[in-house]
Amino acid sequence: MQTVTLAEGTGTSSTLPTETVALLARLIGFDTTSDRSNLAAIGFITDYLDNQGVPYRLSYDESGEKANIHAVIGRPGPGGLALSGHIDTVPVDGQRWTSDPFTLREADGRLYGRGTADMKGFVASCLAAIPDIKAAELARPVHLFISYDEEISCNGARRLIEDMADSGWKPDLCLVGEPSLLSPITGHKGRLAMRVTVRGRAGHSATPARGVNAVQAAARAIAWVAAEERRFSVAGPFVPGFDPPHSTCQVGRMGGGTGINIIPDLAWFEMEWRTVPGDDFFAEVERFRTFVATEIEPAMTDVDTETGFDFAVLNWIPGLSLPEDHALADKVRQVTGRNSAGRVSYGTEAGLFQDAGIPSIVCGPGNINQAHQGDEWIAVSELAACDRFIRQMVERVCR
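Take the sequence shown: its position 140, counting from 1, is numbered 140 in UniProt numbering, and each next residue is one higher.
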């Protein structure tokens with residue numbers, strides 16, 4: 001069993017004799033913020049897999065600067081259980097950290113560092129379990145998915161799914177280890193993000209009829225979004241277990257205009273929908289476009305036919321909905337000791353794997369409330385519990 005030396009001056013023992021923590025310390029040391037290459041971290045993981053004699057495939061983004069790993073323990077091929085995690089993280093800029101976010105620090109039973117909870121802790125547990133999984137008598141393979149860009153688009157998972165079609169290494173089931181305090185999550189909302197650009201016509205503010213005010217046109221569209229948010233809360237549909245139990249939409253960023261005495265010829269805003277099962281975010285986009293086309297654009301084009309709205313979908317991920325009585329949900333409940341499963345409003349890659357024909361569930365160590373924060377942390381006890389959880393799931397599904 002290896003040991004790892006952590007940051008000094010933490011107030012507790014500076015060494016932890018666990019392979020999982022040693023691997024986590026190495027993973028935290030790589031700055032894998034989503035806007036940067038992850039190849040150094042991927043190289044460390046593939047070296048580890050090579051030393052363990054585990055076969056794997058790499059798939060890359062268009063730039064070649066980011067890669068996924070699809071490893072298989074046991075005979076490479078279809079079937080079995082996938083353990084899925086991403087290693088990209090959100091930025092640390094502008095956050096308050098009391099220590100280097102890329103150096104693992106332990107204090108009072110907590111491990112601090114960017115990605116400890118979301119979700120390098122789970123990935124470290126998976127890697128640490130490989131020797132035990134190899135030693136088990138597997139009837140079905142154990143797959144390991146490690147992906148890029150989950151925090152911004154989930155395109156890494158999409159690329160991994162494409163590569164799976166080429167390799168034929170498609171698992172029967174998938175466990176996504178997003179932080180849930182090791183509580184099974186069988187459903188999450190779908191999400192679509194969109195950028196709306198408004199093209200107006202510039203002019204002097206003293207003669208507003210000669211121009212087309214892009215900011216005011218955008219404001220009318222944003223008011224519709226606010227009304228939709230209220231409609232969802234009143235009309236539903238309502239799905240118990242989600243918080244809130246209905247779909248939502250909001251505008252998160254906006255801009256436009258150059259001066260108070262100039263009719264603005266450009267405005268923009270970015271918005272999102274988060275939809276419960278039964279709502280379709282693509283249908284919601286079309287409702288929005290219809291409103292704009294019938295209620296806002298005609299008055300704009302009467303002045304200048306070159307004015308109007310442009311809509312660009314930034315990214316989307318489907319919702320997750322695993323039946324409560326599915327065998328995978330039963331096994332996770334049995335292993336975790338939970339009597340029920342939950343639903344969450346944030347999105348994960350599990351919905352993409354489900355759409356690819358792989359029944360999926362979310363269950364991983366750490367608390368989602370610690371993710372994306374300064375001084376992000378995961379409890380050492382959560383990692384220890386995850387170590388046991390992974391081995392027991394492999395035992396129940398693959399032996």
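Think of the CB as a built atom: it goes at the ideal place given N, C-alpha and C, for glycine as much as any other residue. Fair warning: this is a prediction, and the values are worked out from it, not measured in the lab.
{"Check": "Is the beta carbon of A71 closer than 7 Å to that of L39?", "Outcome": "no"}
{"Check": "In this structure, how does DSSP classify W224 when only helix, strand and coil are distinguished?", "Outcome": "helix"}
{"Check": "G77 and C398 - do their beta-carbons sit closer together than 7 Å?", "Outcome": "no"}
{"Check": "Give me, in chain order, the residues of the same chain whose beta-carbon lies closer than 6 Å to that of T33; leave out the 5 immediate sequence neighbours on both sides.", "Outcome": "T89 and P91"}
{"Check": "Where does E106 fall in DSSP's three states?", "Outcome": "strand"}
{"Check": "Just the C-alpha distance for T18 and A312, rounded to the nearest angstrom, thanks.", "Outcome": "47 Å"}
{"Check": "With M300 as the anchor, note down where its beta strand (DSSP E) starts and where it stops.", "Outcome": "No beta strand (DSSP E) contains M300, which is instead part of the alpha helix (DSSP H) from E297 to V303."}
{"Check": "Report the three-state DSSP secondary structure of V92 (helix, strand or coil).", "Outcome": "coil"}
{"Check": "Taking C-beta to C-beta, are L182 and A385 nearer than 7 Å?", "Outcome": "yes"}
{"Check": "Can you give the Cα-Cα distance for F44 and P264, rounded to whole angstroms?", "Outcome": "51 Å"}
{"Check": "Starting from the Cα of A25, find the closest Cα among D100, E62 and R96 and give me that residue.", "Outcome": "D100"}
{"Check": "On a CA-only basis, which of E162, T258 and G236 is nearest R201? Give me that one, please.", "Outcome": "T258"}
{"Check": "Assign P237 to one of two classes, buried (16 or more other C-beta atoms within 10 Å of its C-beta) or exposed (fewer than that).", "Outcome": "exposed"}
{"Check": "Ends of the alpha helix (DSSP H) at A350?", "Outcome": "A350 to D355"}
{"Check": "Determine the closest residue to V54 out of I133, R36 and G252, with distance taken between C-alpha atoms.", "Outcome": "I133"}
{"Check": "Which residues in the same chain have their Cβ closer than 6 Å to the Cβ of E382, if we skip the five residues on either side of it in sequence?", "Outcome": "P365 and G366"}
{"Check": "DSSP on V198, reduced to helix/strand/coil?", "Outcome": "strand"}
{"Check": "DSSP three-state label for Y148, please.", "Outcome": "coil"}
{"Check": "Is DSSP giving G342 helix, strand or coil here?", "Outcome": "strand"}
{"Check": "Could you check where the beta strand (DSSP E) with D310 kicks off and where it finishes?", "Outcome": "G308 to I317"}
{"Check": "Which class does S167 belong to by DSSP, given the choice of helix, strand or coil?", "Outcome": "helix"}
{"Check": "By DSSP, does G256 sit in helix, in strand, or in coil?", "Outcome": "strand"}
{"Check": "Give me, in chain order, the residues of the same chain whose beta-carbon lies closer than 7 Å to that of D31; leave out the 5 immediate sequence neighbours on both sides.", "Outcome": "F102"}
{"Check": "Around the C-beta of S180, are 16 or more other C-beta atoms found within 10 angstroms, so that it is buried, or is it exposed?", "Outcome": "buried"}
{"Check": "In the segment 8-81, which residue ranges form an unbroken alpha helix (DSSP H) of at least 4 residues, counting only runs that do not cross its ends?", "Outcome": "19-28 and 39-52"}
{"Check": "With DSSP as the reference, label A379 as helix, strand or coil.", "Outcome": "strand"}
{"Check": "For the beta strand (DSSP E) containing I185, list its first residue and its last residue.", "Outcome": "I185 to H188"}
{"Check": "Kindly indicate which three-state DSSP category T248 falls into: helix, strand or coil?", "Outcome": "strand"}
{"Check": "With DSSP run on the structure shown, which of helix, strand or coil describes G364?", "Outcome": "coil"}
{"Check": "Can you find at least 3 beta carbon pairs, one from the segment 265-273 and one from the segment 206-225, that sit closer than 8 Å?", "Outcome": "yes"}
{"Check": "Excluding the five sequence neighbours on either side, which residues of its own chain have a C-beta within less than 8 Å of the C-beta of G255, listed in chain order?", "Outcome": "A267, W268 and F269"}
{"Check": "Would you mind sorting A379 into buried or exposed? The rule is 16 or more other CB atoms within 10 Å of its CB.", "Outcome": "buried"}
{"Check": "Within the same chain, show all residues whose beta-carbon is closer than 6 Å to that of S84, passing over the 5 residues directly before and after it, in chain order.", "Outcome": "F145, C174 and V176"}
{"Check": "On the CB-based measure, 16 or more other CB atoms within 10 Å of its CB, does Q2 come out buried or exposed?", "Outcome": "Confidence at Q2 is low in this model, with a pLDDT of 45, below 50, so the placement of that residue should be treated as unreliable; the coordinate-derived value is given next. With fewer than 16 Cβ atoms within 10 Å of its Cβ, Q2 is classed as exposed."}
{"Check": "Answer yes or no: do R96 and G308 have a C-beta to C-beta separation smaller than 7 Å?", "Outcome": "no"}
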